[in-house]
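S.K.:
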Amino acid sequence: MQNNYNAPISVLLRRIGITPGKKSLVFFISLVAVTVPAAHVYNSFAVICFVLFSVLSASRNNMKPAGALLIPIALYGLMALSLLWSPNTKITAAALGKEAALLFIPLAFILNRPLPPRSINAVLKNFSLAMCVFAIFLIGRAFVRYVIEGNPAVFFNNELASQSISVYLATFFSLALFVFLVKERQTYWGYAATAFLLVMVMLLSRRVIIITDLFIIAAYYIITPGFMVKKRIMLISGFFVLGAAFIAFGNLSGQTFPTNKNLQGSNQHTVSISEAWNKDTFSPHDGFTGPAFRAYRARMLVQMSQEKGFILTGAGLNASGAKVQQIAQQDNTTHTGWDNTPYSKLNFHNQYMEIYADLGIFGLILVLVLVVYNFVKAVKNKYFIHIAFSILMISLFLTESFLWRQKGVVFFTLFYCLFNDYKPLRQLKKTQ
7 MQNNYNAPIS VLLRRIGITP GKKSLVFFIS LVAVTVPAAH VYNSFAVICF
57 VLFSVLSASR NNMKPAGALL IPIALYGLMA LSLLWSPNTK ITAAALGKEA
107 ALLFIPLAFI LNRPLPPRSI NAVLKNFSLA MCVFAIFLIG RAFVRYVIEG
157 NPAVFFNNEL ASQSISVYLA TFFSLALFVF LVKERQTYWG YAATAFLLVM
207 VMLLSRRVII ITDLFIIAAY YIITPGFMVK KRIMLISGFF VLGAAFIAFG
257 NLSGQTFPTN KNLQGSNQHT VSISEAWNKD TFSPHDGFTG PAFRAYRARM
307 LVQMSQEKGF ILTGAGLNAS GAKVQQIAQQ DNTTHTGWDN TPYSKLNFHN
357 QYMEIYADLG IFGLILVLVL VVYNFVKAVK NKYFIHIAFS ILMISLFLTE
407 SFLWRQKGVV FFTLFYCLFN DYKPLRQLKK TQ
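The number in the numbering used here is simply the position in the sequence shown, starting from 1, with 6 added.
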């Protein structure tokens with residue numbers, strides 16, 4: 007009966023050149039992964055294709071219980087529920103469209119059979135190669151600008167990629183370099199790709215990501231048996247060189263979170279963490295560093311939490327901005343900050359604070375469950391790439407509202423589902 011029901015759909019898929027099966031599934035998952043750095047329209051199209059394929063090729067035999075995949079769906083459900091208390095339902099409804107990956111990508115995985123390790127490795131290989139190509143494109147574009155302008159700054163930080171996207175590119179390149187790093191049969195091309203992607207991360211000057219990457223790479227070589235003393239010495243020396251290069255890149259590209267460039271001079275005051283937490287009012291000459299800004303936003307959250315019901319519900323998805331601007335008006339922090347944007351209009355640059363501000367304690371709990379479960383499952387399976395991904399996400403959420411941009415939510419949800427919904431035919435230790 008089930009076969010008869012699925013037959014017309016299978017014929018339809020074959021007529022358009024698609025054969026239901028693992029190869030097609032790998033193709034569509036890879037399509038979503040490799041288009042994450044591209045414009046939203048291309049990535050959205052890839053997600054739609056993946057979901058449609060999953061729905062059309064679904065069968066009862068392939069569907070399975072998926073506890074891990076229900077967590078992002080529950081988070082999206084809470085986001086949708088926040089329409090009931092959001093003071094600006096228009097903003098919240100618009101944000102729901104941007105966050106839809108939390109719903110549709112897990113559902114697509116639930117409708118498909120669990121992927122075996124070989125298929126997961128194929129997706130990771132496609133993704134890592136695509137990131138290399140994209141990185142080469144960025145360097146090529148920067149080189150053309152350098153030839154025209156003669157300014158070496160085009161190879162660094164926000165000149166290499168805009169500030170709004172550079173943190174996401176650094177994250178994508180990091181996962182790709184981990185894929186090359188753990189390949190069992192290494193070649194010179196593999197080593198070159200690993201080094202190239204690490205340099206790209208450093209050029210983008212996302213310090214938390216760089217430190218996390220170096221920590222993960224060092225941990226990999228420490229725990230991996232079979233490395234001779236000479237190799238270990240070479241690797242340690244390499245880390246010293248990378249550290250020195252990191253300092254040099256930091257000096258050339260400036261702070262990851264610069265203070266207001268328009269205020270450079272003797273009148274500018276850099277706000278300390280203590281001042282950000284305790285100072286009553288600020289002036290247009292006060293500039294916030296990254297840590298000071300987050301301390302100030304944490305202070306705002308304490309003020310918001312004093313409102314009735316805020317701890318339980320938050321302000322509503324994407325609706326906390328109005329409360330932030332109200333407090334900023336009182337504290338006189340509406341002047342221009344990073345990337346020519348007023349401090350009052352910046353997001354929290356911390357996913358944990360962001361989710362609490364919008365969805366309250368239950369939203370925060372769901373995000374914590376997501377990242378903790380992801381890490382525990384990775385350690386339990388002894389799968390290094392999954393471990394690296396989970397550590398990278400935990401640390402990145404401390405400095406970025408990663409899930410509040412489409413690139414971030416698609417990337418996180420896709421690889422969260424990929425790593426937590428595979429068929430454990432064997433313990434994954436290295437990609438083939």
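In this text, a Cβ means the ideal position worked out from N, Cα and C, and glycines have one as well.
#1: When you compare each of A114, N132, G414 to L75 by their alpha carbons, which one comes out closest?
#2: Of the residues Q357, Y358, I333, which one's Cα is nearest the Cα of Y349?
#3: Taking 8 Å as the threshold (C-beta atoms), are M85 and L323 in contact?
#4: Would you mind working out which of V185, W195, L90, R212 sits nearest I223, comparing C-alpha positions?
#5: Taking just the CA atoms, how far does L220 sit from F162?
#6: Taking the runs of the beta strand (DSSP E) that are 3 residues or longer, which of them lie wholly in the stretch 167–218?
#7: At which residues does the alpha helix (DSSP H) containing F34 begin and terminate?
#8: Which two residues bound the contiguous alpha helix (DSSP H) that contains V385?
#9: Enumerated in chain order, which unbroken segments of the alpha helix (DSSP H) with a length of 4 residues or greater are wholly contained in the stretch 83–150?
#10: What separation, rounded to the nearest whole angstrom, lies between the Cα atoms of T230 and L130?
#11: What residue does the alpha helix (DSSP H) around H392 start on, and which one ends it?
#12: Have a look at the DSSP bridge pairing and note the partners of F59.
#13: How would you call E406, buried or exposed, if buried means at least 16 neighbouring beta carbons within 10 angstroms?
#14: From what residue to what residue does the beta strand (DSSP E) around V277 run?
#15: By Cβ distance below 6 Å, which residues in the same chain neighbour M310 in space, the five residues on each side in sequence not counted?
#16: Evaluate L58 with the Cβ neighbour count: other Cβ atoms within 10 Å of its Cβ, from every protein chain shown; 16 or more gives buried, anything less gives exposed.
#17: Can you tell me which of the three DSSP states T342 falls into?
#18: For S36, which of A182, A72, P78, L108 has the nearest alpha-carbon?
#19: The beta strand (DSSP E) with F299 in it runs from where to where?
#20: Just confirm the distance between the C-beta atoms of V373 and Y389, as a whole number of angstroms; I'd bet it's less than 8 Å.
#21: Check whether the Cβ atoms of A39 and N132 lie closer than 8 Å to each other.
#22: Could you check which residue in K285, A325, P297 has the C-alpha nearest to that of N356?
#23: Assign F110 to one of two classes, buried (16 or more other C-beta atoms within 10 Å of its C-beta) or exposed (fewer than that).
#24: Measure the alpha-carbon distance for N346 versus I397 and round it to whole angstroms.
#25: Tell me whether S168 is buried or exposed, calling it buried when 16 or more other Cβ atoms sit within 10 Å of its Cβ.
#26: Does at least one heavy atom of the ligand NAD sit under 7 Å from the Cβ of N127?
#27: Helix or strand or just coil, what does DSSP make of G320?
#28: Using a Cβ-Cβ cutoff of less than 8 Å, which residues in the same chain neighbour T218 once the five nearest sequence positions on both sides are dropped?
#29: So, for L376: in the same chain, excluding its five sequence neighbours on each side, which residues have a beta-carbon less than 8 Å away from its beta-carbon?
#30: Could you give the residue range of the alpha helix (DSSP H) that holds F421?
#31: In its own chain, which residues sit with a C-beta less than 7 Å from the C-beta of S60, not counting the 5 before and 5 after it?
#32: Residue range of the alpha helix (DSSP H) that A334 falls in?
#33: Closest to Y174 by C-alpha separation, out of L90, I216, D364, L135, would be which residue?
#34: My output table needs one value for G293: the three-state DSSP class, helix, strand or coil.
#35: Hey, L108 and T419: beta-carbon distance below 8 Å or not?
#36: On the DSSP bridge list, what partners appear for P348?
M.R.: Let me lay it out:
#1: Walking along the sequence shown from the start, residue 75 turns up at place 69. Residue A114 is the option with its Cα nearest to L75.
#2: Within the sequence shown, numbered from 1, the residue matching residue 349 stands at position 343. Ranking Q357, Y358, I333 by Cα distance to Y349 puts I333 first.
#3: Indexing the sequence shown from 1 puts residue 323 at position 317. Indexing the sequence shown from 1 puts residue 85 at position 79. Going by C-beta atoms, L323 is nearer than 8 Å to M85.
#4: Counting from 1 along the sequence shown, the entry for residue 223 is found at position 217. Nearest of V185, W195, L90, R212 to I223, Cα basis: V185.
#5: Residue mapping note: residue 162 aligns to position 156 of the sequence shown, counting from 1. Residue mapping note: residue 220 aligns to position 214 of the sequence shown, counting from 1. Answer to the nearest angstrom: the Cα atoms are 19 Å apart.
#6: none
#7: Locating residue 34 in the sequence shown gives position 28, counting from the first residue. It spans 28–40 - the alpha helix (DSSP H) in which F34 sits, taken as one unbroken run.
#8: In the sequence shown, residue 385 corresponds to position 379, counting from 1. Per DSSP, V385 belongs to the alpha helix (DSSP H) from 357–387.
#9: 95–104, 107–117
#10: As a working note, residue 230 is residue 224 in the sequence shown. As a working note, residue 130 is residue 124 in the sequence shown. Roughly 21 Å separates the two Cα atoms.
#11: Translated into the one-based positions of the sequence shown, residue 392 becomes position 386. It spans 390–402 - the alpha helix (DSSP H) in which H392 sits, taken as one unbroken run.
#12: Stepping through the sequence shown from its first residue, residue 59 is reached at position 53. Note: F59 sits in no beta bridge, so no partner.
#13: Mapped onto the sequence shown, residue 406 falls at position 400. Buried: at least 16 other Cβ atoms inside 10 Å.
#14: Sequence index remark: in the sequence shown, residue 277 carries index 271 (1-based). Unbroken beta strand (DSSP E) run through V277: 275–277.
#15: If you number the sequence shown from 1, residue 310 lands on position 304. Here the set comprises F316, K329.
#16: Walking along the sequence shown from the start, residue 58 turns up at place 52. Exposed is the call here.
#17: Within the sequence shown, the letter at position 336 stands for residue 342. In the structure shown, T342 sits in a strand (DSSP, three-state: E or B).
#18: By one-based count along the sequence shown, residue 36 stands at place 30. The shortest C-alpha separation from S36 is found at A182.
#19: Numbered from its first residue, the sequence shown carries residue 299 at position 293. It is not in any beta strand (DSSP E) - F299 instead sits in the alpha helix (DSSP H) that spans 296–311.
#20: For this step, residue 373 is matched to residue 367 along the sequence shown. For this step, residue 389 is matched to residue 383 along the sequence shown. 22 Å between Cβ atoms; not a contact.
#21: Along the sequence shown, read from residue 1 onward, the residue named residue 39 stands at position 33. Along the sequence shown, read from residue 1 onward, the residue named residue 132 stands at position 126. Going by C-beta atoms, A39 is nearer than 8 Å to N132.
#22: Position 350 of the sequence shown, counted from the start, is the residue given in the question as residue 356. If we check each option's Cα against that of N356, P297 comes out closest.
#23: Here residue 110 corresponds to residue number 104 of the sequence shown, with the count starting at 1. Looking at its Cβ environment, which holds 16 or more other Cβ atoms inside 10 Å, F110 is buried.
#24: Here residue 346 refers to the residue found at position 340 of the sequence shown. Here residue 397 refers to the residue found at position 391 of the sequence shown. Cα to Cα, N346 sits roughly 31 Å from I397.
#25: As a first step, residue 168 must be located in the sequence shown, where it is residue number 162. By the 10 Å Cβ count, S168 comes out exposed.
#26: For the ligand NAD, the structure offers nothing, since it holds no ligand at all.
#27: Here the question's residue 320 lines up with position 314 in the sequence shown. The answer is coil: DSSP assigns G320 none of H, G, I, E or B.
#28: Residue numbering aside, residue 218 sits at position 212 when the sequence shown is read from its first letter. Cβ neighbours of T218 beyond the five flanking positions: S180, I397, L398, S401, L402.
#29: Position 370 of the sequence shown, counted from the first residue, corresponds to residue 376. I77, P78, L81, Y422, listed in sequence order.
#30: One-based indexing of the sequence shown puts residue 421 at position 415. Note, F421: alpha helix (DSSP H), 412–426.
#31: On the sequence shown, position 54 is the one that residue 60 refers to. The answer, listed in chain order, is A114, L117, N118.
#32: Reading the sequence shown from its first residue, position 328 is the one you call residue 334. 327–337 is the span of the alpha helix (DSSP H), which, as asked, contains A334.
#33: Along the sequence shown, one-based indexing puts residue 174 at 168. Nearest option by C-alpha distance: I216.
#34: Here residue 293 refers to the residue found at position 287 when the sequence shown is read from its first residue. Residue state, collapsed to three classes: strand.
#35: Taking the sequence shown and counting its residues from 1, one reaches residue 108 at position 102. Taking the sequence shown and counting its residues from 1, one reaches residue 419 at position 413. Against a cut-off of 8 Å, the Cβ pair of T419 and L108 comes out as a contact.
#36: Locating residue 348 in the sequence shown gives position 342, counting from the first residue. According to DSSP, which records beta bridges pairwise, P348 is partnered with T342.
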